[in-house]
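In my numbering, the protein residues as written are 1287 to 1581.
Notes for the one structure printed next.
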Amino acid sequence: MTGTTSAGTVRLADDLVLTRMGYGAIQLAGPMAWGPPKDRDAAKSVLRAVVDLGITHIDTSDYYGPHTVNELIRETLHPYPAGLHVVTKVGARRGPDKSWPAALSRDELVQAVHDNLEHLGVESLDLVNLRMTDSREAAITGPFSVLAGLQRDGLIRHLGVSNVSGEQVAAAQSIAPVVAVQNFYNLAVRADDALVDQCAEQGIAFVPFFPLGGFRPLQSGVLDEVAAGLGISRMQVALAWLLQRSPTILLIPGTSSVAHLRENAGAAGVDLPAEAVAALNAVGTAGRFAPWEQR
Ligand SMILES: NC(=O)c1ccc[n+]([C@@H]2O[C@H](COP(=O)([O-])OP(=O)(O)OC[C@H]3O[C@@H](n4cnc5c(N)ncnc54)[C@H](OP(=O)(O)O)[C@@H]3O)[C@@H](O)[C@H]2O)c1
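Have a look at this one:
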């Protein structure tokens, strides 16, 4: 097993080269992504370890906390090392009850971009994902056009989309280039298999959120058997499976722990044998829920 960078990088643009093993910062806010964290110093140690591991892709949003995670990133890492990309998302906000209502109006999107710029301490954002609602039918062109306008103004370098169907990706592409798609996808939840392939064909990053199952951690006897056979952890198997699934899949596993971060980064060097991949392929479901949580 070798280091984080052994899974390589994906070049999404000349100024946007991301390590396939990245880091999702949501867990730094605390439970339910609601800040402040119990231990700010521990959260900052995780961010320093991310950079020490050679990871160049940190996924965040100003609504994690809210604001807390971006403030932690700025306090710990600004001025940002060359090559590090902090990728953010807009399109939701937090209610006082910790809910995640949509925030897709022009005013809300413009405000969210300015909040990210301020809290991250930058003059332009490397990559902004437009997070749509859970409906795959929603019209994306209106809100995506707002972000494309901010890109023309120089506030955003590159655009991505999140929580979307293939049709919504195509609709966004009719307005401006899309370099990344961020959707719920993992070993067990495979509803977006076709979109994963569509992204690879077009050279677009597919960035699965909840790669480890999110609020409901992955569970599978097959995962445990493969992990035991290879002498690695079940989370490393789950991440290695995603890396072999498509050359344009980029990982952003979330953790609040340096030990888990190092463990997850180790998955970059795991080469799964073909028979393990075949067994793991059978765990998935084409639905939007894992097999153990079908409703
Ligand atoms: N676009 C969207 O709508 C959207 C939605 C959700 C998330 N996201 C992004 O996706 C990223 C990943 O999502 P996520 O963090 O919610 O889910 P995840 O990566 O699937 O799972 C994170 C959970 O797994 C635990 N964990 C991490 N590494 C572990 C390990 N090696 N062993 C055991 N447990 C481990 C974490 O706890 P510990 O802290 O204890 O390690 C945490 O509870 C987020 O950071 C966020 O940036 C995007």
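Ideal Cβ placement from N, Cα and C applies to all residues, glycine included.
Fair warning: this is a prediction, and the values are worked out from it, not measured in the lab.
Going by beta carbons, Q1468 and F1495 fall inside the 8 Å limit. For V1512, the three-state secondary structure derived from DSSP is helix. Using a Cβ-Cβ distance cut-off of 8 Å, the segment 1432-1449 and the segment 1401-1420 are in contact, since at least three pairs of beta carbons, one from each stretch, lie closer than that value. In the three-state reduction of the DSSP assignment, A1368 falls in the coil class, being assigned neither a helical nor a strand state. W1527 sits in a helix when the DSSP states are folded into three classes.
Between L1403 and D1510, the alpha-carbon positions lie close to 42 Å from each other. Of the residues assessed, H1405 falls on the buried side of the cut-off, its CB having 16 or more other CB atoms within 10 angstroms.
Setting aside the 5 residues that flank it on each side, V1399 is surrounded in the same chain by V1376, L1411, V1414, L1433, L1436, L1441 and I1442, each with a C-beta closer than 8 Å to its C-beta; the list follows chain order.
A contact between stretches requires three or more CB pairs, one per stretch, nearer than 8 Å, and the segment 1456-1463 fails this requirement with the segment 1557-1572. CA-to-CA, the gap between V1523 and L1536 works out to about 15 Å. For T1427, no beta strand (DSSP E) segment is defined; the enclosing uninterrupted segment is the alpha helix (DSSP H) at T1427 to R1438.
Where S1331 is concerned, there is no enclosing beta strand (DSSP E), although the alpha helix (DSSP H) around it starts and stops at R1326 to D1338. Under the 10 Å beta carbon count, Q1313 is surrounded by 16 or more other beta carbons and is classified as buried. Look at S1391 here: in three-state DSSP terms it is coil, with no helix or strand label. Short note on P1317: C-beta not closer than 7 Å to any heavy atom of ligand 1. As for any beta strand (DSSP E) of minimum length 3 sitting wholly inside the segment 1302-1327, the runs are 1302-1305, ordered along the chain.
Between ligand 1 and the CB of K1375, the shortest heavy atom gap is smaller than 7 Å. In this structure, the beta-carbon distance from L1528 to N1550 does not fall below 8 Å. Counting along the chain, Q1505 sits inside no alpha helix (DSSP H), nor does DSSP assign it H or E at all.
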